[in-house]
Amino acid sequence: MAEPFEIRDPIHGFIELDEWERDIVNHPVFQRLRRIRQLGLTDMVYPGATHSRFEHSLGVMHVATKMFDAIVGRRRGFLVDTYNYDEEGAGLAKDRRIVRLAALLHDVGHAPFSHSGEDLMPEVGKGRRYKHENYSAKLVADLMTDVIEKHPLNQNYDITAQDVADFIEGKPADSLEGKSSAGRRLFWRNLVSGQLDADRADYLLRDSHHIGVAYGHYDLERLLTTLTAVEDPETGSPTLAIEEGGLHAAEGLIIARYMMFTQVYFHHTRRIYDHHLVEAMRSLLAQSKGMFPSPIDKEGLEEYLKWDDWRVVGRLAAGNGGTHGEIILNRRHDRRVYETPEFPGRDDLQRLEAARKALGERVIFEDRAQNSWYTIDSTDIPIVRKAKLDQEVVARLSERSTVVSGLRAVNRRRIYVPIGQSEECRRIVAQMLSSQESDG
Amino acid sequence: MTKDMHFPWHQYALIVKLAECLNHRPRLRAGSNSSYPQFGKTALQKLVYLLQAVYDVECDYDFSLYTYGPFTSELLQDLDLVESIGAVQVLPVRKGMDGYAIKPYENAAWVTTQAKEFLEAHKCALGKLIEEYGHYSAKELEIRATMIYVEREMKGDGKPVSLDGLVRVVHDIKPYFPRDEIKSVAEELQAKEHVKVAADG
C-alpha cells in the first residue's frame with residue numbers, strides 16, 4: 033500500500049490522506065473551500081477569524097475517522113449484532129470509507145462566507161429553503177462522480193457518489209434498489225451531524241485557535257477514548273454515548289459549546305455583520321431575484337460554484353453591494369440598542385415587545401438565538417456506567433452533572449437600529465423601561 | 272392567519288398545547304389497565320413531525336432523519352424557551368435514560384393566547400393527532416414517524432413506493448425491529464392512509 037499523504041494541520045498535527053482522497057481534495061469543487069471563510073465576517077470582531085472551510089473539512093474527516101475507529105474498537109460486537117455486519121468486517125471497512133468521504137465533503141455546498149449565504153438559497157417548497165447540505169449532496173452526486181467512483185482504490189468498495197450524497201443528506205431511499213446498507217449508515221451519520229459529531233468537535237477547537245480564545249477548548253483525546261455506542265433505553269435505537277470515565281470531558285464539550293456560542297457565534301457585532309452580508313449579497317444577486325442559483329441541475333450547480341468569497345469581496349469593493357456593502361466596507365454597522373437576558377422569562381419578552389413597539393420603524397434587524405446557525409440546544413449525551421456483573425447502566429449527562437443540568441438553550445433576542453439613530457433609540461428604550469418600572 | 276416569525280408564538284403554543292392535551296387525560300387508557308405513556312422530548316419531536324407531515328399543519332420546523340427518526344434541534348431550543356417563560360415544566364422522569372415529562376405550567380394559558388388564531392385554525396388536526404397517535408410510546412412513535420418520513424422522501428425523489436419496499440427500507444434503518452412488526456406498522460399506516468403505497472407485485 034502506498035505511503036499516505038500528510039497535510040500539516042494547526043489543530044490535529046498531520047492529517048493523512050491516500051491517493052483517492054488526495055484526488056478528491058484536488059477537485060475544483062473541494063478547492064473552492066479555500067475561498068470560503070469558516071466564520072463569515074467574524075474577523076470584524078476577532079481579527080484572527082479568517083480561516084477557511086478547507087482546513088475545517090480536512091479536520092472533520094480526521095476526527096470522524098478517529099471517532100469511527102474508537103467506536104468500532106470498543107463496540108464491534110454490538111454493531112455486528114445490531115446492524116448485521118459480516119464478521120470479516122468488509123461492511124465496516126466500506127462504511128468507514130463513506131464516513132471519511134462524507135466528512136470531507138459535507139461542507140462543499142456552502143455559500144460565500146459560509147452560513148450567512150444560506151438565507152439566499154432558493155425555496156424548495158412550503159416556505160423552506162435549500163440548505164448547504166442539499167447543495168453539498170447535489171455537488172457530490174452530480175459533479176464528483178468520476179473522482180469518487182472511478183478511482184482504482186474504489187475497486188474494493190464500489191462506493192458511488194450517490195452513497196456519499198445520501199449520507200450527507202440523511203437519505204435512506206437507495207436501499208430500495210437492493211443495497212441493504214444505506215439505512216445503517218444513518219447511525220454513522222451521527223458522527224458528521226449529531227450531538228457528538230466531528231463537525232462540532234473540530235470547529236470548536238479550530239475556531240478557538242484562530243480567534244485566539246480559550247472558550248472552545250475541551251479534551252478531545254479523552255472523549256475519543258471513552259466514545260461508545262449503546263441502545264437508547266427509551267426507544268431502543270443505537271445511539272452514541274460516553275463511558276463514565278469521559279463524563280468530565282463531555283461536560284467540557286458542552287461548556288465549550290455554550291461559551292463559544294455566547295462569546296463568538298452569537299456575539300452581537302458578529303451577528304449584525306451576518307445581516308449586512310446577507311443584504312449586500314442580495315444586492316449582488318439582483319439579477320437572479322436576490323437568490324443563489326438552484327442546485328436542481330448541473331447548470332445551476334456550476335453557476336453556484338462561481339460564487340465564493342473572492343467574487344463577493346471583489347464586487348463589494350467595486351461598490352456593487354448597496355447600502356449594506358458600504359456599511360461592511362466602512363465598518364459602520366447597525367447598533368444593538370436592546371437585548372433580553374440569555375434565558376428570557378415572560379416579563380423579558382413583554383419588555384422586548386414594548387421596546388420594539390416604541391422604536392417602530394427605526395428597527396432594522398431583530399435577531400434571535402434560534403436563528404443562529406450554531407444552535408445550542410439541550411440534547412443530552414448518554415453516559416454509560418458499568419454496574420455489577422458487567423451490566424451497563426445508561427444515564428443522562430444532565431442527571432450526572434450539576435454543571436450541565438443548569439445549562440439551557442440560549443434564547444436571547446436583540447434589536448438593532450442604524451448607527452446614526454442609536455443614541456436616540458437608546459434614550460427611547462431607557463424612557464420606556466423607566467416608565468414601565470414606575471407603572472409597576 | 273399571520274405568523275410572527277420574530278415571535279413564533281405558533282411554535283411555542285403548539286408545544287404547550289400538546290403538553291396540555293397529553294397531560295389532561297385520564298391516567299388509564301379507556302377499557303384498559305395500562306396508563307398512557309409520558310409526554311417527553313422524543314414524543315414531542317415525533318408528534319410535531321406527524322402534525323406537519325400527516326395533517327399538513329405548517330409548524331415551520333425542518334426535520335432531518337436520524338437512526339432515532341425525524342428530528343430537529345430547533346424544537347428542543349423552543350422547548351427550552353417555553354420552559355424558561357414558565358409555560359411548561361420539563362421534569363426528568365426517574366433515574367436513567369427514561370427521558371423527561373413535559374407538563375403545562377403556570378404561564379401556559381398566556382402562551383396559548385398569543386397564538387389563539389393558529390391553534391383554533393388547527394384544532395381539528397391537533398385533535399386527530401392526539402386521537403390517532405397520542406397513545407403511542409416514544410418507541411412506537413419513532414417507528415411510525417420514521418416510516419412516514421421515508422415514504423415522503425422516496426415520493427419526493429420520484430421513486431415508486433411499494434409496501435414491501437417501504438418495509439425493507441425501514442428495516443434497513445432499524446434492523447433491531449422485527450420485520451413483522453415493521454410490516455404491521457406499514458399496514459396500519461396504509462389503512463389510515465397516512466402512507467400511500469402501490470400494491471406489491
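In order, the protein sequences belong to chains A and B. My numbering puts the first residue of the first sequence at 33, with every later residue one more than the last. My numbering puts the first residue of the second sequence at 272, with every later residue one more than the last. Think of the CB as a built atom: it goes at the ideal place given N, C-alpha and C, for glycine as much as any other residue. As the structure is a computational prediction, the values presented were derived from the model and not from experiment.
From the DSSP output, in three-state form, read off Thr260 of chain A for me. Three-state result, Thr260 of chain A: strand.
At a CB-CB cut-off below 9 Å, which residues of chain A make contact with Gly405 of chain B? Ordered by position in chain A, no residue passes the 9 Å Cβ test against Gly405 of chain B, which lies about 17 Å from the chain.
Closer than 7 Å, CB to CB, is Ser355 of chain B near chain A or not? With 7 Å as the cut-off, Ser355 of chain B counts as an interface residue toward chain A.
Neighbourhood of Lys420 of chain A by C-beta, 8 Å cutoff - its chain only, sequence neighbours within 5 removed: none
Since Ile413 of chain A and Gln227 of chain A should fall inside the 8 Å C-beta cutoff, what is the C-beta to C-beta distance between them, to a whole number of angstroms? Distance from Ile413 of chain A to Gln227 of chain A at the Cβ level is roughly 6 Å; contact confirmed, criterion being Cβ atoms closer than 8 Å.
Note down the Cα distance separating Gly472 of chain B from Asp435 of chain B, rounded to an integer number of angstroms. Unreliable positioning characterises Gly472 of chain B in this predicted model, as indicated by a pLDDT of 49, which lies under 50. The coordinate reading is nonetheless provided below. Roughly 9 Å between the two C-alpha positions.
Look up Gln360 of chain B in the DSSP assignment and say whether it is helix, strand or coil. strand
Who are the neighbours of Leu336 of chain B on chain A, taking C-beta pairs under 8 Å? Gly202, Lys203, Pro204, Leu218
Starting from the C-beta of Val435 of chain A, find all residues in its chain whose C-beta is less than 6 Å away, skip the five residues before and the five after it, and write them out in chain order. Within the same chain, Cβ atoms closer than 6 Å to the Cβ of Val435 of chain A are found at Glu283, the five residues on either side in sequence being excluded.
Check whether the Cβ of Gly377 of chain A lies closer than 7 Å to any Cβ atom in chain B. yes
Please name the residue or residues paired with Ile39 of chain A in a DSSP beta bridge. A:Ile47
Contact check, Arg106 of chain A vs Thr271 of chain A under 8 Å by CB: the rounded distance? With 8 Å as the limit, Arg106 of chain A and Thr271 of chain A do not qualify as a contact, their Cβ atoms being about 14 Å apart.
For Tyr290 of chain A, which of A:Gly438, A:Gly377, A:Leu391 has the nearest alpha-carbon? A:Gly438
Sorted by chain position, which residues of the same chain lie with C-beta nearer than 6 Å to Leu396 of chain B's C-beta, five sequence neighbours on each side aside? Sequence check: residue 396 of chain B is Ala here, not Leu. The answer, listed in chain order, is Tyr326, Val328.
In chain A, what lies closer than 7 Å to Gly370 of chain B by C-beta? The contacting residues are Glu266.
Considering only the beta carbon of each residue, do Arg67 of chain A and Asp239 of chain A sit closer than 7 Å? no
Where Tyr339 of chain B sits in the DSSP three-state scheme: coil
Status (buried if at least 16 other CB within 10 Å, exposed otherwise) for Ile451 of chain A: exposed
Say whether chain A places a C-beta atom closer than 7 Å to the C-beta of Tyr376 of chain B. no
As assigned by DSSP and simplified to three states, the class of Phe62 of chain A: helix
Determine, using beta carbons only, whether Gln461 of chain B comes closer than 7 Å to chain A. no
Does the structure place the region 150-160 of chain A close enough to the region 234-253 of chain A that three or more beta carbon pairs sit under 8 Å? Verdict: no, contact absent.
Sub-7 Å separation of Gln63 of chain A and Ser84 of chain A beta-carbons: No, the pair does not count as a contact, with Cβ atoms beyond the cut-off.
Do the CB positions of Ala390 of chain A and Arg444 of chain A come within less than 7 Å of each other? no
Do Tyr370 of chain A and Ala387 of chain A have their beta-carbon atoms positioned less than 7 Å apart in this structure? yes
Is the region 339-359 of chain B close to the region 408-427 of chain B, with three or more CB pairs under 8 Å? yes
Just to confirm before moving on: does the CB-CB distance between Ala135 of chain A and Ala34 of chain A stay below 7 Å? no
In chain B, which residues lie with their C-beta within 8 Å of the C-beta of Lys158 of chain A? Glu329
Could you have a look at Ser408 of chain B and say whether DSSP puts it in helix, strand or coil? coil
Classify Arg106 of chain A as helix, strand or coil using the three-state DSSP reduction. helix
Between Gln402 of chain A and chain B, is there a C-beta pair that is closer than 7 Å? yes
Compute the distance between the beta-carbons of Gly202 of chain A and Tyr167 of chain A, then report whether it is under 7 Å. no
Say whether chain B places a C-beta atom closer than 7 Å to the C-beta of Ser269 of chain A. yes
Could you check what DSSP says for Tyr332 of chain B in three-state terms: helix, strand or coil? coil
Would you say Pro341 of chain B faces chain A, with C-beta separation under 7 Å as the test? No, Pro341 of chain B lies away from the interface with chain A (no Cβ there is under 7 Å from its Cβ).
Looking at C-alpha atoms only, which residue of A:Tyr117, A:Ile396, A:His183, A:Gly351 is the closest neighbour of Glu53 of chain A? A:His183
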